[in-house]
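Protein chains in written order, with the UniProt record's numbering: chain Z, 1 to 743; chain G, 1 to 743.
Ideal Cβ placement from N, Cα and C applies to all residues, glycine included.
The model shown is predicted, which means the values in this text are computed figures rather than measured ones.
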């Protein structure tokens, strides 16, 4: 008795380790999330069933060439539309923010002398909150998936995990509206991340030749209605988005590849490049017309760092990614807090409005208390120079940093001549903006984290550059703090998002000067190494918090211990080649297992031993078969079956009806269904002894969703799914198992 | 009788189609080539046998981290050494060419007045021929594989086909020597292609921690002694080579990926990037010191296009890739001619010398007959301005184009102010240089095709620009023919090598201006589309002529007809798990089959039916086993076997001894060998019905060398090798089968 008591006490005490708490929290979040969000997995391995093979074999060489041309046309379209959307967002934000700043500026100027500046503050806060409220309302009540930058979701999509509604038309509309509102509302956000999401949605829509939301089917591009093809187009869309956001077509392609692709194909890459190119050209073309300078094509991206002309080869100061890691850690805890406590839409909208008001207040306070007067330049680069308490012919530089869209602020920090900003101003600005940006990312508004990161980094870099010029004697080399601003911006952004090659290229393309490549590269590398020591990148943190089965590049290094036998799910629900309809309906309706792929075995399973594998069939395929009632009366007669076309599957893609909506009568339950024609007759299989890294490589390289594990008689003994692989990761003490969302 | 006669006549007549002739020629070349060149295949799929798994399992998390750090160190070393080599080549060429031009110039100046210019011609021709002879002698007699640019060979290596001796130290030495000689000898060649090859050799050497040629084993990096790891490092080396050649680190990474990688891994890419970065930095650093400007770092690459500062957004003239295709077609026929008739080393050296003399003569004739005098600029950008028959204070511009290293000529064409060159001069130059370059590529000298292509394109582009400026009225827009030169250079190079994304980035990085990206991109795309209509890229043409089993990105589109059953080789030589030594020796010694991988089957093959697959063992592994005499007396006792370590396999890698060198006595032949521990117990298998594209995808994505085809009882029925897949390609009338080298 005593013994047992003591033992259980010990057990209890041992159980409550920090790891356990974390794991419990994970499960809690998962539960909370999963009420609304059920992730789907995508199948990037073609189901090469008889129907598909027949179609392919019927197609001539000319047919394939036409398909190839169609792909190019679609990529062109994707680029064009993405560019248009970027253009629209840019113009809308500029107009709205322009009206807002004008109103506030006039108000401030009116009350500076009178002394009633609190009225200006209130006006500013109210205007900001109103904009943010509109955006937040739309996001919270109409489409919660449109919140944030959307980059984690697109990363997941390209990885093979589809978060529901992520590529729908409605999401796109809300996203565009939301981002216009939140940028115009003065939040510490950028419009670049959402562009990437928008590009992906456009791609997913255009490539399918129809809109399910609008119930409109153009009857074109039917060949592309499957996951493999769609993924390729979504890569192109994301690249086009990056390209439009930063004017960086090569960076866009690299972003798509770094985040999504596992298999590099020259032709595909070239198509993605084409989409990026068209996108940046479209944006450039229409913005030039809007700015009244058609033909000049001087705005390749939403953000333009301006041309850096001189040489920076001496700037080898390596900034740390510590600040970036700090950002991620704070944001991680904040996000956990949000998931736990702020999950009602009303609360979310109120929080967003609160942040907007606080942003306005903080900005105002800093403008008010600083007296950092600078002479007004001849060239009038500032669009809204605030005189405030400065002498005539001067303007308040602190006010300029805050009283502007973040893109313009970044440009000022890069390019304004030395001496424009006073170090104290910059220091306070960095801290305040850092706090605001951390708080803002994760709000229920559409917003990107690129620009705030760049802004914080630029301010901090410029500050560092100024301090260094105090110390260093040779003024000629250390003179331009704008370069430190650029390097600081790169370090901060790198520390937060942890992208590598693609970010280097994006930044180089945005600055328009290749000589900066080398220092940017060094800085990004250091930022990544330092940052990775503390916590993962921001996007990975958010992906982890959504507990989706995301597959990384490699299996954890120490996982050679594990074999397919330990990893696989077993026993597996199998179907016979000719299966009873009733059993299929029962299996599909069973919500506790909820499998998505079923091995098909040869009909020799009368005794209990598992059957020999002869195919793999997907839940979606079975549902289409049930819906079209492809039944035979008895097991033997196969003639009466209705001939189903590949078209029937494509029409149902990607929103297959749930099993509950399909009515199967009692008589029909007794019928049989012949799966031979519809199953994939050559699924990939591995023996039970295969090591985890080997299974992982196969999975990742081929984009699989199910991998059948067989014994040496080719009998099905288990099924490895993405979830089985994604749960292993390297922790502090070696291999750990994660708890993941049921899929 | 009559009937039979007529039929056979018809048959004969029908047989001699052009296709047949071509195929016969292919076989002939193959025969001629294969006397000296026997390609090897690389295995990019790890053989995860028990020894390997045990080692991996013994390794701690810390061990893996150390390995990772080692990989970074090696990449740094590769970059450093590649940069050093590039630096050395550059300085050597500059010195030698400097002496040569100085001598010739003095001679010309001496004889211009006297009228004995034929002496100058002879001096020039003799100097050129002497240099070329040295280089050609070394290549032809010491290491024929060092001929050409080496890019096709590196493409093959990364694809999985190893042309013998391609990554040896000796090849590197000869290559470096050869390229210095041929560039200094004034041939129409560049030193950029060979840099890529050099980088790859450095990588293959450094990563193995030993040199077999020098019989020196440093006992480090032993973990990396296998094909998979070596391939990764060779990618890094090739990237470092590109990076050093063009000062384009991002372009280098993309080149490696475009040409080699099939599986994109973020960490690997980042390491490759690091190597590229170090390489360009090293080159820059040492060249700056050499030029007496340490710390300025103004020479990031071997070729530097100079900074283009103005905007070219209006330059949307799309050049055709026709000229590029023409280059390839002529070179194709020339190469065939060479393979047939000029295969004796003496002849090859003589041809190279002839080309060198002709190059000098042509150049001289053009200089002599042109009277294209231009005023000497103040800045004296030309290093060897030739006055010739021009008035004082003027120089002969034609002479300048020829009387210089090609790199400098390209720069002059890009940057000299409008009016420097007279259109007729340029036209004649283009034609002459085109002919020379076609003739030169494929000679038995180490030489690259990048610079000649750029030079032809630049001349032709500048010519076009000048003509356009005659037509167009608005002089302001069409003024600078240097931009047309750049676009023309891109078009010509794109038309010849058909690289896409990587070439764009390389050119952008070399010009140092991102705004040129868009026109370059358009031009490359057009050049590729137009060029592909006529013939493949130059490197692919050369790869095809070597008839190696090169796998492209995708299976031919119309190949869904074919299944693994039709493609596979059958029957397969299998071994039992415990096999008689005599049988193994016999199978390995059988030169007619010469297989490299053998499925291991379970020991139940007493009757004739094939056994169940239980592993795969490689020829190289069997040879190591035989060499160490890992035999057991009888099938039952397994204890007496000597314990073999993974180290024994690594020590033998990559030059496994031939089977003939291993002596096995008659007694030993009766012993048994237990393969269980050494075979890969989980080889990838596919069922017989798998379609060719599916098999292809598996092969390409995982870098396989052998794929076992099994029936539904898991019995071995065939083996698909790289050769089986590579022989299908799309011809004019659909799918065609190629004849490939036996491997």
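Is there a Cβ of chain G sitting closer than 8 Å to that of residue i, yes or no?
i                     : result
residue 691 (chain Z) : yes
residue 676 (chain Z) : no
residue 586 (chain Z) : no
residue 737 (chain Z) : no
residue 612 (chain Z) : yes
residue 729 (chain Z) : no
residue 152 (chain Z) : no
residue 356 (chain Z) : no
Under a CB-based cut-off of 8 Å, is residue i close to chain Z?
i                     : result
residue 270 (chain G) : yes
residue 318 (chain G) : Note on residue 318 (chain G): pLDDT 45, under 50, position unreliable in the model; the coordinate value appears next. Residue 318 (chain G) does not count as touching chain Z.
residue 156 (chain G) : no
residue 238 (chain G) : no
residue 281 (chain G) : yes
residue 250 (chain G) : yes
residue 686 (chain G) : yes
residue 501 (chain G) : yes
residue 697 (chain G) : yes
residue 521 (chain G) : yes
CA-CA distance, residue i and residue j?
i                     : j                     : result
residue 232 (chain G) : residue 248 (chain Z) : 28 Å
residue 508 (chain Z) : residue 718 (chain G) : 52 Å
residue 691 (chain Z) : residue 614 (chain G) : 15 Å
residue 801 (chain Z) : residue 52 (chain Z)  : Nothing about residue 801 (chain Z) can be read from this structure; chain Z reaches only from 1 to 743.
residue 256 (chain G) : residue 451 (chain G) : 19 Å
residue 112 (chain Z) : residue 356 (chain Z) : 23 Å
residue 345 (chain Z) : residue 133 (chain Z) : 12 Å
residue 94 (chain Z)  : residue 517 (chain G) : 28 Å
residue 253 (chain Z) : residue 267 (chain Z) : 13 Å
residue 762 (chain Z) : residue 422 (chain Z) : Summary: the structure shown does not reach residue 762 (chain Z), with chain Z confined to residues 1 through 743, and so no result is reported for it.
residue 565 (chain G) : residue 494 (chain G) : 40 Å
residue 269 (chain Z) : residue 71 (chain Z)  : 12 Å
residue 549 (chain G) : residue 279 (chain G) : 32 Å
residue 219 (chain G) : residue 237 (chain G) : 21 Å
Taking the DSSP output, what are the residues bridged to residue i?
i                     : result
residue 617 (chain Z) : Z:598
residue 563 (chain Z) : Z:691
residue 718 (chain Z) : Z:709
residue 575 (chain G) : G:600
task = Check whether the region 699-708 of chain Z touches the region 696-703 of chain G, counting contact only when three or more Cβ pairs, one atom from each stretch, lie closer than 8 Å.
result = Segments in contact, yes.
ask   = Can you give, in chain order, each stretch of the alpha helix (DSSP H) that sits fully within the region 152-228 of chain G and has at least 4 residues?
value = The region 152-228 of chain G contains these whole alpha helix (DSSP H) runs: 169-184, 192-206.
inquiry  = Check whether the region 190-201 of chain Z and the region 441-452 of chain Z are in contact - that is, three or more C-beta pairs closer than 8 Å.
reply    = Output reads yes: the region 441-452 of chain Z touches the region 190-201 of chain Z.
query = Do three or more CB pairs link the region 61-77 of chain G to the region 569-577 of chain Z at distances below 8 Å?
reply = Flag = no, the region 61-77 of chain G and the region 569-577 of chain Z do not touch.
message = Contact between the region 539-546 of chain Z and the region 659-678 of chain Z is defined here as three or more beta-carbon pairs at a separation below 8 Å; is this criterion met?
response = Look at the beta carbons and you see the region 539-546 of chain Z not touching the region 659-678 of chain Z: under three pairs across the two are nearer than 8 Å.
request  = Specify whether the region 168-176 of chain G and the region 138-147 of chain G touch according to this definition: at least 3 beta carbon pairs, one from each stretch, less than 8 Å apart.
outcome  = The region 168-176 of chain G, when compared against the region 138-147 of chain G, does touch it at the 8 Å Cβ threshold.
query = Which ranges does the alpha helix (DSSP H) cover as unbroken runs of at least 4 residues, wholly within the region 485-535 of chain G, from first to last along the chain?
reply = With a minimum length of 4 residues, the continuous alpha helix (DSSP H) runs that stay inside the region 485-535 of chain G are 501-511, 517-534.
message = Whether or not the region 202-209 of chain Z and the region 461-471 of chain Z are in contact is what I'm after, with contact meaning three or more pairs of Cβ atoms, one per stretch, closer than 8 Å; do they touch?
response = No: fewer than three Cβ pairs fall under 8 Å.
query = Pairing CB atoms from the region 579-599 of chain Z with CB atoms from the region 665-673 of chain Z, are three or more of them under 8 Å?
reply = The answer is yes - the region 665-673 of chain Z touches the region 579-599 of chain Z, with three or more Cβ pairs under 8 Å.
query = Looking at C-beta atoms only, is the number of pairs between the region 647-658 of chain G and the region 526-534 of chain G that lie closer than 8 Å three or more?
reply = Output reads no: the region 526-534 of chain G does not touch the region 647-658 of chain G.
message = Any contact between the region 83-94 of chain Z and the region 135-142 of chain Z? By contact I mean 3 or more CB pairs, one from each, below 8 Å.
response = The region 83-94 of chain Z is not in contact with the region 135-142 of chain Z.
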